[in-house]
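Colleague: This is the structure I have questions about; it appears just below.
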Amino acid sequence: MYQYIDRQTGAHVFTNVQPTEREAPELAAQWAAEAKVSGNAGRTNGRSALTPVATDPSRFNGLIQKHADLHQIDANLIKAVIRAESNFNPHALSPKGAKGLMQLMPATARRFGVVNIYDPDENIQGGIKYLRFLLDMFDQDLKYALAAYNAGENAVLRVGGIPPIRETVDYVRRVTRFYGSDKHMAFLESPNPFGVWVSREKDGTLLLTNIGPPRLAN
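Read in order, the letters of the sequence shown correspond to residues 8 to 225 in my numbering.
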């Protein structure tokens, strides 16, 4: 576990990914600014150290809907991608360097006009632009587009389909499952800011989330 601190505000941020010297203060400052606006700066929760501070998935619904409508993509698909990518953590940083809600690589972010990769509005817009590009490239084949979002379009083009990469195959399966469940279940309607649910994928992957089990929609 790594900790870094915004020296101006004193905000502490914890992550299991070691940030670079450049990224650490950037993330801490971004988190501190957001937490200050939401009124949650410096608060802790005794019931769960894993509970994200100042993160409510539903607060991104407006941004998701706005950009999804603009680029003619189902907003529920974007929610499924974000859930799989970052579980709605706008400060997520992967070991490979993907950042933000939609886990954009810096080169991809620049390619689609993203300046502040940790800004939810810009990150969502860039991710949706990229996904729209991939859907058009692969004739609206959702699974191919998702595989390309995970592994890169060149990887899909090389094999003419979903690359035989375990991570990519699992990613496509996970997003399509989330997307399918969202059509019938309200899995984003009641995030619990105080609890953590633990589940295990069929492949043994352990998942921890503050979003409870799906409830059947009425």
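Glycine is no exception: its CB is placed at the ideal position from the N, C-alpha and C atoms. Just so we're clear, the structure is a prediction, and the values are computed from it rather than from any experiment.
(1) What is the rounded straight-line gap between the Cα of A105 and the Cα of T115?
(2) What do you reckon, are the CB atoms on K67 and P127 nearer than 8 Å?
(3) I'd like the list of long-range same chain contacts for L153, defined as Cβ closer than 6 Å, with 5 residues on each side in sequence excluded.
(4) What number of angstroms, rounded off, separates the C-alpha of I89 from the C-alpha of F95?
(5) The alpha helix (DSSP H) spanning L141 covers which residue range?
(6) Locate the alpha helix (DSSP H) running through K103, then write down its first and last residues.
(7) Rounded to whole angstroms, what's the CA-CA distance from P64 to L100? Just pull it up for me.
(8) Let's see if you can read the secondary structure: which residues bound the alpha helix (DSSP H) around R66?
(9) For K103, count neighbouring C-beta atoms within 10 Å of its own C-beta (all shown protein chains included) and say buried if the count is 16 or more, exposed if not.
(10) Can you name, in chain order, every residue of its own chain whose Cβ lies under 7 Å from the Cβ of K136, other than the five neighbours on each side?
(11) What are the boundary residues of the alpha helix (DSSP H) that L108 is part of?
(12) Could you pull the start and end residues of the alpha helix (DSSP H) that I89 belongs to?
(13) Could you check the C-alpha separation between K86 and I71 for me, to the nearest Å?
(14) L111 and V122 - do their beta-carbons sit closer together than 8 Å?
(15) At the level of alpha carbons, what is the spacing between L57 and G107?
Modeller: With the structure as the only source:
(1) Taking the sequence shown and counting its residues from 1, the one referred to as residue 105 is at position 98. Taking the sequence shown and counting its residues from 1, the one referred to as residue 115 is at position 108. Going from the Cα of A105 to the Cα of T115 covers about 9 Å.
(2) Within the sequence shown, the letter at position 60 stands for residue 67. Within the sequence shown, the letter at position 120 stands for residue 127. Sequence inspection shows Phe at residue 67; the Lys mentioned does not correspond to that position. The Cβ-Cβ distance between F67 and P127 falls below 8 Å.
(3) What you label residue 153 is simply residue 146 of the sequence shown in a count that begins at 1. The answer, listed in chain order, is V179, V182.
(4) Counted from its first residue, the sequence shown places residue 89 at position 82. Counted from its first residue, the sequence shown places residue 95 at position 88. Between the alpha carbons of I89 and F95 lies a distance of about 6 Å.
(5) Position 134 of the sequence shown holds residue 141. In the DSSP annotation of this structure, the continuous segment of the alpha helix (DSSP H) that includes L141 starts and ends at 127 to 144.
(6) Locating residue 103 in the sequence shown gives position 96, counting from the first residue. Counted as a single uninterrupted DSSP element, the stretch harbouring K103 is not any alpha helix (DSSP H), since DSSP gives it neither H nor E.
(7) Sequence index remark: in the sequence shown, residue 64 carries index 57 (1-based). Sequence index remark: in the sequence shown, residue 100 carries index 93 (1-based). Straight-line spacing of the CA atoms in P64 and L100 works out to 17 Å.
(8) Position 59 of the sequence shown, counting from 1, holds the residue named residue 66. Per DSSP, R66 lies in no alpha helix (DSSP H) and is assigned neither H nor E.
(9) As a working mapping, residue 103 is identified with position 96 in the sequence shown. Burial call: exposed.
(10) The sequence position of residue 136 within the sequence shown is 129, counting from 1. Taken in chain order, the residues that qualify are H78, F119.
(11) Along the sequence shown, one-based indexing puts residue 108 at 101. Element bounds for L108: n/a, residue is neither H nor E.
(12) On the sequence shown, position 82 is the one that residue 89 refers to. Per DSSP, the unbroken alpha helix (DSSP H) holding I89 starts and ends at 82 to 92.
(13) In the sequence shown, residue 86 corresponds to position 79, counting from 1. In the sequence shown, residue 71 corresponds to position 64, counting from 1. Whole-angstrom Cα-Cα distance: 8 Å.
(14) Here the question's residue 122 lines up with position 115 in the sequence shown. Here the question's residue 111 lines up with position 104 in the sequence shown. Going by C-beta atoms, V122 is not nearer than 8 Å to L111.
(15) Stepping through the sequence shown from its first residue, residue 57 is reached at position 50. Stepping through the sequence shown from its first residue, residue 107 is reached at position 100. Caution is warranted here: a pLDDT of 33 is assigned to L57, below 50, making its placement in the model unreliable, and the coordinate value is therefore given only provisionally. Each residue's Cα considered, the two are about 18 Å apart.
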